[in-house]
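First comes the structure, then the notes that go with it.
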Amino acid sequence: MKIYGRTLGGTVFDIVNYAFFALLIILCLYPFWYMLVYSISEPSLAAKGITLFPRGFTLFNYKKVMELEGIYNAFFISVMRTVTGTALSVFLNALLGYLFSRTEMPGRKFLYRMLLVTMYVSGGLIPYYLVIKNYGLLNNFFVYIIPGAIAAFNVILIKTFIESLPDSLQESAMLDGAGYFTIFSKIIMPLCLPIIATIAVFSAVGNWNSWFDNYIFVSSDNLRTLQLTLYEYLNEAQTLARLLQESGNIEDYKRTMEKSLTPRGVQITVTMITTIPILLVYPYMQRFFIKGIMVGAIKG
């Protein structure tokens, strides 16, 4: 049986297919929608439960978080770390990927294998800390950027992408008198835009979300990142709530929770603040990101 030129089975399949993906989209979007609604609801009302819409619309949660001491400096440090760390990481990984793609490079195979070892073998936290200390990077902004600037996986992606390009492009440039760096900057980098965007997304997300290096290597408040600042604030809110509950004075606990952020409100608001910047950037990079990953998957 055909319906408007299509079989009944094909129509049923389309209906089931659309329904399945609609359900999948809802399952993916609802947690984020729930957090958004919770974060803009009155803390005392939100604690009683949230469904689809805010209960007592307010920006109280965000206002309290924005009043944290040092929050704006921490935001600036995180932005600077993300921008500079991503730029340096993209340049160094692209340069290494280009060098490893050149078959005439001395010691190419040995150095490439040594790079691959770093993907599987780690020196451990204590030796890593001692290396950072000996290089004078403790309480230094560059501790956020230099140690993670080069990643073996990113180098492999770029090397694989470059090897997929026609050799004639580089050969013709050399015949015209171009050197290696000129070829890299004027030919390779523009052609590698999809994979570079992929590396940039990886690096930016990693730098923005990172807090452990701040926790281990930096004790200066002036170099504190946004993630660690919000993480410690969340711990303080949870500790306060636990102490009030353990004191046995339920009325004091209720009054405090009505006048301030609840631990769950802090957690959700902090999650929203740290997630929104990435969500704003990712849609613009998505088309390059998918193309770059596909090339790495096929050619690798």
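The numbering of the sequence shown is UniProt numbering, which starts it at 1 and goes up by one.
Think of the CB as a built atom: it goes at the ideal place given N, C-alpha and C, for glycine as much as any other residue.
Values in this document were obtained by computation on a predicted structure and should not be read as measured data.
Drop a sphere of 10 angstroms on the beta-carbon of residue i, count the other beta-carbons inside from all chains shown, and report buried for 16 or more, exposed for fewer.
i, result
"Asp221", "exposed"
"Val12", "exposed"
"Thr139", "Note that residue 139 is Asn in the sequence shown here, rather than Thr. Exposed, since its Cβ has fewer than 16 Cβ neighbours within 10 Å."
Under DSSP, the alpha helix (DSSP H) around residue i begins and ends at which residues?
i, result
"Ser203", "193-209"
"Tyr180", "180-183"
"Arg113", "108-117"
"Met80", "71-101"
"Ser220", "That residue, Ser220, is in no alpha helix (DSSP H); it is neither H nor E in DSSP."
"Val121", "Looking at the DSSP string, Val121 is not in any alpha helix (DSSP H), and its letter there is neither H nor E."
Taking the alpha-carbon of residue i as reference, which of the options has the nearest alpha-carbon?
i, options, result
"Ile26", "Ile40, Leu52, Ser210, Ser41", "Leu52"
"residue 326", "Leu165, Leu191, Val155, Ala149", "Only positions 1 to 300 of the chain appear in this structure, which leaves residue 326 out of reach."
"Leu45", "Phe32, Ser210, Phe60", "Phe60"
"Ser78", "Leu130, Glu236, Leu230", "Leu230"
"Cys192", "Asn207, Pro166, Lys109", "Pro166"
"Trp208", "Thr118, Leu279, Ser39", "Leu279"
"Val218", "Pro127, Phe153, Val143", "Val143"
"Ser185", "Lys159, Leu226, Phe91", "Phe91"
"Glu163", "Ile199, Ser101, Ala94", "Ser101"
"Val281", "Gln267, Leu234, Thr198, Ile216", "Thr198"
"Ser89", "Phe153, Arg224, Gln170", "Phe153"
Helix, strand or coil: which one does DSSP assign to residue i?
i, result
"Thr58", "coil"
"Thr7", "strand"
"Asn235", "helix"
"Glu42", "coil"
"Leu228", "helix"
"Leu24", "helix"
"Ile298", "Because Ile298 carries a pLDDT of 45, less than 50, the predicted location of this residue cannot be relied on, and no value is offered for it."
"Pro263", "helix"
"Ser164", "coil"
"Asn140", "coil"
"Thr104", "At residue 104 the sequence reads Glu, which differs from the Thr that was named. Here Glu104 sits in coil by DSSP."
"Pro147", "coil"
Of all the CB atoms in chain B, is at least one closer than 8 Å to the CB of residue i?
i, result
"Pro194", "In the displayed structure, chain B is absent; only one protein chain is listed."
> With a cut-off of 8 Å, do at least 3 Cβ pairs link the stretch 201-216 to the stretch 70-88?
Replying inline: The stretch 201-216 is in contact with the stretch 70-88.
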